[in-house]
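Have a look at the structure below, then the notes.
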Amino acid sequence: MTSLKRSTADPYATNISSKVFVRSTKSGKVQKIVRELYLRQDIPCSSRLCSICLTNAPADANGFIAPFILSEKPAGTGNFPTGHYLVPDTNALLNGLDLFEQKTGFYDVIILQTVLEELRNRSLPLYNRVIGLTKSEDKHFYVFFNDFRLETYVVREHGETINDRNDRAVRRAVSWYGEHLQHSLKTSNKAKQCPAIVMLSDDKDNLRKAKAEKLSACSLSEYVSGLEDANRLLDMINASRQEQGSRTTIGQQLYPDYFSLSRMMTGIRAGTLHQGIFNVSPYNYLEGTVHVPAFDKSLLILGRENSNRAISGDVVVVEVLPKAQWKAPSTKIIEEDTLNKNENAETEEGATEAVVSEQERRALQEEVKKTHGNNIEGRPQPTARVVGVTKRNWRQYVGHIDSSSTSVATQGRRQQTVFLIPMDKRIPKIRLRTRQAEALFGKRVLVTIDSWDQESRYPIGHFVRSLGDLETKGAETEALLLEHDVQYRPFPKGVLDCLPQEGHDWSVPASLDDLGWKGRRDLRDLLVCSIDPVGCQDIDDALHARPLPNGNFEIGVHIADVSHFVKPNNAMDAEASIRGTTVYLVDKRIDMLPMLLGTDLCSLKPYVERYAFSVLWEISKDAEIINSAFTKSVIRSREAFSYEQAQLRIDDRAQKDDLTQGMRTLLMLSKKLKQKRMEAGALNLASPEVRVQTESETSDPVDVKTKELLDTNSLVEEFMLLANISVAGKNYEAFPQTALLRRHAAPPKSNFEELANQLKVKRGFSLRTESSKAVAESLDRCTDPKEPFFNTLVRIMATRCMMSAEYFCSGTQSYPEFRHYGLASEIYTHFTSPIRRYADLVAHRQLAAAIEYEQLDISLYSKARLEEVCKNINVRHRNAQMAGRASIEYYVGQALKGRVVDEEGFVMKVFSNGFVVFVPRFGIEGLIRLRDLATPEPESIFDAEEYVLRVSGSIKVKVELFQKVVVRISDVKEEFTGKRKIKLDLVKS
Amino acid sequence: MPLDTSTYHLSHALLRLDGRRWNELRRLHAQISTQASADGSSYLEMGNTKVICTVSGPGEVRGGGGGGRKEGLERENAIVNAEVSIAGFSGVERRKKGIGGGGGGGKGDRRTMEKIQNVIAAAFTDIVFTHLYPHSTIVITVHILSSDGSILAASLNAATLALIDAGVPMKDYVVACTSGLTPPAADIGEGDASDPLLDLRGGGGGELRFWGGGGGGGGERVCVCVMESRVRVERVEGMLAVGVDGCKQVREILDGVVRAQGRRVVGSVVRQGGR
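Chains as they are written, first to last, in full-length UniProt numbering: chain S, 1 to 989; chain E, 1 to 275.
Here it is in structure tokens:
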């Protein structure tokens, strides 16, 4: 019998190792994975000094050899005059990644595979940032696969912890690099100095061992101290880990422990614990809600102790509290500034205070008393407490240093602790250790949260960079872009390289035989025009209408053919898919696509020929669609109108040319289309929209106007809706699994409960919510003959009860779920603005494939990929809207700066110690607190059932919901957030 | 978790999770004539995939398989049958019944097994000179002892060796390997980065869309081509080229094994003859 044992003379055996690890699956099974590991000697060191590696560098499938990255003459520092390559270990990256992203230093860095893998386990965002660094051409970051290289591979020894093994692997790689480079230089006989290989680590043990092995090694702070600008750089090192040793001994636990991961998982599976995203109320920083799949309504989380170090946006695990502790959501406005104003950031070191300050505790007690009523509002609701955080969604936060938080009388450059107050009110103050506190006062500062320990009342963070002085336009705009995660950096070179070579001179090819004309219809003879807001440069859409011999009309919607210029999967497409949408600020536009495309080559400018994607319908006089067709085309727009111009032209009876007639046809049909839509139950919702008028040169705000709506606005809108609906149908038919569509879910009944109750109590209207049609009809009835704005107010409030519309991939939902509630359409997508929305670009590609104009790119076949795209653009869309609103808010504040205006407003929401007033003229809403009415704060009785607040004492007023009031608007710089804000004062009720 | 392949694009080197480059096979180790009791036998490892294969026959038609004894007797050509069993301990998790394997539930396993059986039988019916053995059957039995991807390819390779060991005349070697594609890079911007890969590992590799290919030896004739998932038609050519290239490498290794065995046999015959 022959033995089956592998012969020992296996030629491979020396370079095969195996990696054995144990993992547990989602379902809780434990698996032991054995993976072969092929060790090799052809992994280059990627130093341009090295000639050995160059000769056996590997090629990829296309025979391409990656250029070597690490520079020949790396920069030197005081300690390493001959130049050096850095090799950070995982701790160094965790603690100081912001340093590595600096432009002033940290070049030629070797990222080891061991480190990268460990980093990925520890923090995905940091990992992604490192990957980003390795892609940047000027930073010279090289990923060295040390675990695959024979010489640097380290076998975990018996009894050795994985961390020790990884540290050893790092040291081995460092020493190999040193020897390798020296050897290489010797063999090539070049008279060059060998750069030092410097290991960066914050692990003392690792540093000690490295020194024992005679490697150059230092800690981050040691290294940074040797650089110029050390003070600023030192501030950027993660704060939480530096002071660990000193704090843990004195610190007392202010917050309860988190449950262990397995306990949380078991709890969630058993249904006793719940997981969801933690949201903090914008009115009350101590009140958070978590929506969990198990319940219809969100769970309340009251107080700092219960929210247990969760920060708005984190994914948390919660436990429902016993019924005795259930409470009603507060009817009181609680802001952090008023309660904790005078805390000193330094005192915390003493660590004798409790999580709940005395004032906070009093505020909570009061609330409990107030909510002992038995009406709907006051009914106790289930509360919960956070027992663990599954995923931190911390990002970088913008804020300003609280000047009261520290003693300014500091000598020189001593490190001190200050509070940073984030712009976002839902984020708690962040403790920050800095050596440049003085320089940072009065600045907008970007920081990162590092950790939130049990012993610390507030999270600890570190400084990233300063954006500039408070209230300067540059700093504030950048701040709001950062806060809303808008990509605003200029387009990188890779993206610009994707633009057509001809640049501005690109034009539609003259010859019809040109490749560009293939499959395109020549629609240049049609009388096409575009209608947009004044000054619009990125013209997405144009229209035409002409009568047909049979009495029907041919209507065409022509959309800029962006997909012709932006091919899938190139750098430009990648950038656009990340940006997701163009962001419109008052004085600035952050484009999704480079200028050349957006405002020139794609833009359907008048008098020039442009590529377009056209939707053509035959429509009867009664706006019935007879048939529809889709085609790529070439058009020549005759005129670019503004809404006002178009309206004037239509209204001018003297104009009888075909273009004007066409527009009249369009208007006539659009009215009928709208009528049909409304009959089907489309909602006419309102959101406060204002326009800031700016001085044309300086773009300083001059005045605020509410947006006017003309017939021509709705003309364009109707046909865009129609085009979107038609395209959605076509794409879904062609790609039932992977069409990108947009849906608007019906809001759950509970969303309307409060508004319905308010309308019933205050005005006796009933709000029926069983369908969008019912809502539309009952909203129509909510009128007040004396007060025309009342209806709009109700609509604005109703809008806030709605769900937000979202993009989705058709394979993820069943057909009935496709419905767009607001538009009362069965199916809907976005097609008409490809210059400024990525979703439209995807729809264009899908439609082009559906009409067999071109092949669909592989990425659009993948459901998973599309879902990812949808997820991103949904977030970007929301962020863009919020950034736009924040920008308007800022400019309205600037426009009103130094002015005092009395204006009519309406009460939108009543709290027990204040109320919210909406001012239609400026589209702003503001809070008026009782303590603003008079000092000392007047007595008040709040009737939650009747939504009435009766103020007595020094000033006697009665404020109720929907009431019309006159307010004095002035501006004030809000100390707490550093924003210039509108301040409202009650003049007359 | 280790890094996934898309990250390995980073270095443009395209290293896979196990340190191989895109066009490298796993370590292939094969032995021939491992069981004296069988007419032909072999043992083959492709990385951590381990199969054992025995051939019995060509022999008289047994009852049952292949459409009944009577029908078999009337046949002009030999019938090639394959039986595959996947050991319960072959995968990451142990299966209660002996049919369990790499992934999926019991039903999927049975389907995998049947598919492998059919593919092996069809491939060798084509390659073996079946007309030399009328009224007889050749039964190829494959046991998958350890499964780490490419079990079909390993089974085909092992069967080739076992048939050679059994002395069954064939037109050529049937050698097989898998090829696949890297998942489209999660971060785009590197062009249409989807590269072909050779010899795929089992689950958890992060590699998508794989298929098995089998080449009929020196003439580069493709006699088996199994697609295990949908692939864009433009990609097939590249994958095929990589697969054929891999098959050539496999063939060389198998050929080496066969020749070594040949020398051993000849040597022992010479020694015996000399005695």
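Using N, Cα and C, we set each Cβ at its ideal position, and we do this for glycine too.
Bear in mind the structure is a predicted one, so any value in this text is a computation, not a measurement.
A buried status is given to Glu-889 of chain S, since no fewer than 16 other beta-carbon atoms sit within 10 Å of its beta-carbon.
At least one beta carbon of chain S lies nearer than 7 Å to the beta carbon of Val-92 of chain E. For Gly-47 of chain E, a Cβ of chain S is located within less than 7 Å of the residue's own Cβ. Scanning E:Ile-140, E:Ala-176, E:Val-226, E:Ala-154 for the CA closest to the CA of Leu-163 of chain E turns up E:Ile-140. Taking a beta-carbon distance threshold of 7 Å, Leu-198 of chain E does not count as an interface residue toward chain S.
Contact between Tyr-458 of chain S and Lys-425 of chain S does not hold, since the beta-carbon distance rounds to 15 Å and is not under 8 Å. Remark: C-beta atoms of Val-634 of chain S and Glu-618 of chain S do not approach each other more closely than 7 Å. Within 10 angstroms of the beta-carbon of Asn-393 of chain S lie fewer than 16 other beta-carbons, which makes it exposed.
Considering only beta carbons, the part of the segment 26-39 of chain S lying closer than 8 Å to chain E consists of Lys-29, Gln-31, Lys-32, Ile-33, Val-34, Arg-35, Glu-36, Leu-37, Tyr-38, Leu-39, in chain order. Runs of the alpha helix (DSSP H) spanning 4 or more residues and lying entirely within the segment 220-292 of chain S occur at 220-225, 230-235, 239-242, 244-250, 261-270, in chain order.
DSSP lists no bridge partner for Cys-498 of chain S. Within chain S, the residues placing a beta-carbon under 7 Å from that of Leu-15 of chain E are Phe-145, Phe-148, ordered along the chain. In chain order, Arg-35, Glu-36, Leu-37, Tyr-38 make up the part of chain S whose C-beta sits under 7 Å from the C-beta of Asp-18 of chain E. In this structure Val-959 of chain S is not in contact with Phe-831 of chain S, their Cβ atoms being roughly 47 Å apart against a cut-off of 8 Å. Contact between Thr-104 of chain S and Asp-229 of chain S holds, since their C-beta atoms are separated by about 6 Å, short of 8 Å. Leu-740 of chain S places its beta carbon less than 7 Å from that of Val-842 of chain S. Within chain E, Arg-27 have C-beta atoms less than 8 Å from the C-beta of Ile-16 of chain S, given in sequence order. Taking 8 Å as the upper bound for CB-CB distance, Val-528 of chain S and His-558 of chain S are in contact here, some 6 Å apart. Measuring C-alpha to C-alpha distances from Ala-629 of chain S to each of S:Met-592, S:Arg-521, S:Gln-113, S:Ile-873 identifies S:Arg-521 as the nearest. Taking C-beta atoms under 8 Å as the contact rule, Ile-969 of chain S and Leu-984 of chain S qualify, at a distance of about 6 Å. In this structure, Ser-46 of chain S lies near Phe-68 of chain S, with their beta-carbon atoms less than 7 Å apart. In this structure the segment 800-818 of chain S does not lie against the segment 570-580 of chain S, because fewer than three pairs of beta carbons, one per stretch, are closer than 8 Å. For Asp-235 of chain S, the CB contacts under 7 Å within the same chain, skipping 5 residues up- and downstream, are Thr-434, Arg-435, Gln-436, His-462, Phe-463 in chain order.
In the structure shown, Trp-517 of chain S falls within a helical segment according to DSSP collapsed to helix, strand and coil. Scanning the segment 535-569 of chain S for uninterrupted beta strand (DSSP E) segments of 3 residues or longer gives 541-547, 553-560, listed from N- to C-terminal end. Selection S:Glu-852, S:Lys-871, S:Ala-294 evaluated against Gly-580 of chain S yields S:Lys-871 as nearest (Cα-Cα). Sequence-distant Cβ neighbours of Leu-482 of chain S in its own chain, meaning closer than 8 Å and more than five residues away, are Gln-396, Val-398, Leu-446, Leu-467.
Close CB contacts of Tyr-821 of chain S within its chain, under the 7 Å cut and outside five residues either way in sequence, are with His-744, Ala-745, Ala-746, Ser-772 (chain order). Distance between Leu-200 of chain E and Arg-20 of chain E, taken at the CA atoms: about 10 Å.
Rounded to the nearest whole angstrom, the C-alpha separation of Arg-837 of chain S and Glu-817 of chain S is 23 Å. If you ignore the 5 residues before and after Leu-721 of chain S, its C-beta comes within less than 7 Å of the C-beta of Leu-823, all in its own chain and listed in chain order. Collapsing the DSSP output to three states places Ala-310 of chain S in coil. Under the DSSP assignment, Glu-575 of chain S falls outside any beta strand (DSSP E), being part of the alpha helix (DSSP H) whose first and last residues are 571-579. Secondary structure at Asn-627 of chain S: strand, using DSSP grouped into helix, strand and coil. If you ignore the 5 residues before and after Ile-52 of chain S, its C-beta comes within less than 6 Å of the C-beta of Ser-184, all in its own chain and listed in chain order.
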